[in-house]
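A short write-up of the structure that comes next.
In the UniProt record's numbering, the protein residues as written are 1 to 181.
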């Protein structure tokens with residue numbers, strides 16, 4: 001089966017006015033309820049990255065954990081968890097960022113990476129890019145570099161992919177939606 005044979009977009013549920021008025025939330029839970037969709041997602045990412053030169057996979061809390069753990073297992077790479085503030089038990093580095101809904105903080109264990117490491121960072125969606133930009137900043141603070149930022153969905157009109165690219169982080173997404181779609 002190829003990606004052309006299966007449309008992921010049809011399984012991504014739009015939820016109007018969630019979590020606040022004027023927002024169309026892109027719910028990926030139907031993708032995870034479809035073994036076929038999950039296989040397409042995993043296989044597409046695995047095919048893209050199987051021979052790529054990076055040392056770790058970083059997954060964003062919480063929906064990024066779903067695909068990040070599959071990729072880490074299939075590509076035999078260590079998995080680094082980027083968590084919401086207050087969720088990690090050891091010494092952390094923190095980075096503040098703006099979301100579509102307000103300010104938040106992303107944390108990672110301070111000893112997760114070292115100079116010379118290269119990281120593929122994954123999340124479910126790139127909107128304004130805040131979470132992935134914060135992760136990229138944390139990666140750089142540890143002396144490592146970001147190989148690429150990958151997501152299932154891009155919302156290009158919100159500018160996150162462009163902001164990542166402007167800071168030298170390439171992006172890859174399986175699908176995209178316009179804000180009115």
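Every residue, glycine too, gets a C-beta built ideally from N, C-alpha and C.
Thinking C-beta only, is residue j closer than 7 Å to residue i?
i	j	result
residue 183	residue 70	This structure gives no information on residue 183, because the portion of the chain shown stretches from 1 to 181.
residue 183	residue 129	Missing from the structure shown is residue 183; the chain here goes from 1 to 181 and no further.
residue 79	residue 90	no
residue 154	residue 133	no
residue 169	residue 146	yes
residue 8	residue 49	no
Taking residue i as part of the alpha helix (DSSP H), name the residues at either end of that continuous run.
i	result
residue 32	29-32
residue 22	Run containing residue 22: none; DSSP gives neither H nor E here.
residue 44	35-49
Should residue i go down as buried or exposed, given a rule of 16 or more other Cβ atoms within 10 Å for buried?
i	result
residue 178	exposed
residue 95	buried
residue 18	exposed
residue 99	exposed
Taking 7 Å as the CB-CB limit, is residue i close to chain C?
i	result
residue 24	Chain labels in this structure do not include chain C; a single protein chain is all it has.
Is it the case that the CB of residue i approaches a heavy atom of the ligand MN more closely than 6 Å?
i	result
residue 33	This structure lacks the ligand MN; in fact it carries no ligand of any kind.
Tell me the DSSP bridge mates of residue i?
i	result
residue 118	145
residue 105	96
residue 82	60
residue 15	25
In terms of residue numbering, what span does the beta strand (DSSP E) encompassing residue i cover?
i	result
residue 98	92-98
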